[in-house]
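Trainee: Chains Y and A, in that order, are what the protein sequence lines are.
In terms of my numbering, the first sequence has 178 at position 178, counting the first letter as 1, and numbering is strictly consecutive.
Quick note, my numbering runs 195 ahead of the 1-based positions in the second sequence.
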Amino acid sequence: MIYYIVVNVLILDFQYPTYDPETLTAAFQALLIYSIIMLFPVPQTPSFGVFDLSTLASLHELGFYISKQGLVLAAETDHVRPPLNEWIQISCRRKTLMALYCFEGIYHTLNNLPTFPCTELGFLPAPAGKMLWNAKTQQDWERAYDRWLGHWAGIDMFIMNDLAVIQPGADLNRRAEMWLEEADEFGMMFMSMGK
Amino acid sequence: MRERWLYPYLEQSPPSVVALKHSVSLLCRVFRTYPRMMSRNVQLAPFIHEAQMLGGKVPLPLSNCFALSRMWNGHTDTGGFSNIVQTTIRAEMDKLINEVCQNV
């Protein structure tokens, strides 16, 4: 029995490469792209169920593990500038997770299943603005981030839950408007999904 | 989060919400463009950052994703989602899921 376990452990060690957090995020992103292909395999043609429920379960499992690595940086909570590479990693994690929940909504709707609110993600900062996400160099990003910090000084971070509670009508509160002003097309998509 | 995929099938799930039809249509339209973006390599899906692609050290799952998206796009242009594409993508998905499970 022990021999069996040892052999199995050796085989597993041999078979599976070790993933650093960056590769884990990349795997999550790639899986989501593949899932979209599976759900919509042929362009300009309605979905025809090559995507299966077990993959959705795996995606959520993976999302769960990714979230355990952290979804908000201490620097973000403290309203100071984090290191760029950490910010990129955490932003990718958050955006991919948000995209997964959208994907789940699409899958459920196409299969005539009920859809569920994304309350677990409510605490996440809403997608970062265009200037920050698209900054080409570290210097550009740092400058943009410092400007952003100044703009939002003393104001609570705009989070996903703030998006969810926006009321129907043309008017937004100040924070929502500040966020929208900076949003990229990903953020705009969330704004367009509300009431 | 881990149980979310079960929500539609369980009685004790949180209350469901009515998704707005136009919102889901918009999501479908937008999400469908992401794999093609990958295949054309001109811009990235909005949840992938340009810096992940720099310095010749693109993480393997993403470089494979570029290659497979390109293969998929090539085949859809010439008559549909062929078996070879579907099997290859499925195999890569299974591989990723297995590898990830061993790492968490």
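The C-beta atom is built at its ideal place from N, Cα and C for all residues, glycine as well.
Quantities reported herein were computed from a predicted structural model and do not represent experimental measurements.
1) Does the CB of GLN281 of chain A have a neighbour CB from chain Y at under 9 Å?
2) Check whether the Cβ of LEU12 of chain Y lies closer than 9 Å to any Cβ atom in chain A.
3) Can you check which of these residues, A:ASN298, A:PHE261 and A:HIS270, is closest to TYR34 of chain Y by C-alpha distance?
4) Which partner residues does ILE242 of chain Y have in the DSSP bridge list?
5) Along the alpha helix (DSSP H) that carries ASP146 of chain Y, what are the first and last residues, could you check?
6) Report yes if the CB atom of ALA176 of chain Y is closer than 9 Å to the CB atom of ASP162 of chain Y, and no otherwise.
7) Which residues, in order along the stretch 57-76 of chain Y, keep a beta-carbon less than 7 Å from a beta-carbon of chain A?
8) Chain A beta carbons: is any one of them nearer than 9 Å to that of GLU22 of chain Y?
9) Any beta-carbon of chain Y closer than 9 Å to the one on ASN259 of chain A?
10) Just to confirm the assignment: which complete alpha helix (DSSP H) runs, minimum length 4, are found wholly within the stretch 55-96 of chain Y?
11) I'd like to know whether the C-beta of LEU110 of chain Y is nearer than 9 Å to at least one C-beta of chain A.
Mentor: So, to answer that:
1) Yes - at least one Cβ of chain Y is within 9 Å of the one on GLN281 of chain A.
2) Per-residue confidence for LEU12 of chain Y stands at a pLDDT of 48, beneath the threshold of 50, marking its modelled position as unreliable; the derived number appears in the next sentence. Yes, its Cβ sits closer than 9 Å to a Cβ of chain A.
3) It is A:PHE261 whose Cα lies nearest to the Cα of TYR34 of chain Y.
4) Outside the displayed span of chain Y (1 to 195) sits residue 242 of chain Y, for which this structure offers no information.
5) Per DSSP, ASP146 of chain Y is one residue of the alpha helix (DSSP H) stretching across 138-151.
6) Yes.
7) Listed by position along the chain: ALA57, SER58, HIS60, GLU61, LEU62, GLY63, PHE64, TYR65 and SER67.
8) Cβ-Cβ to chain A under 9 Å: yes for GLU22 of chain Y.
9) Yes, its Cβ sits closer than 9 Å to a Cβ of chain Y.
10) Whole alpha helix (DSSP H) segments, 4+ residues: 74-77.
11) LEU110 of chain Y counts as touching chain A.
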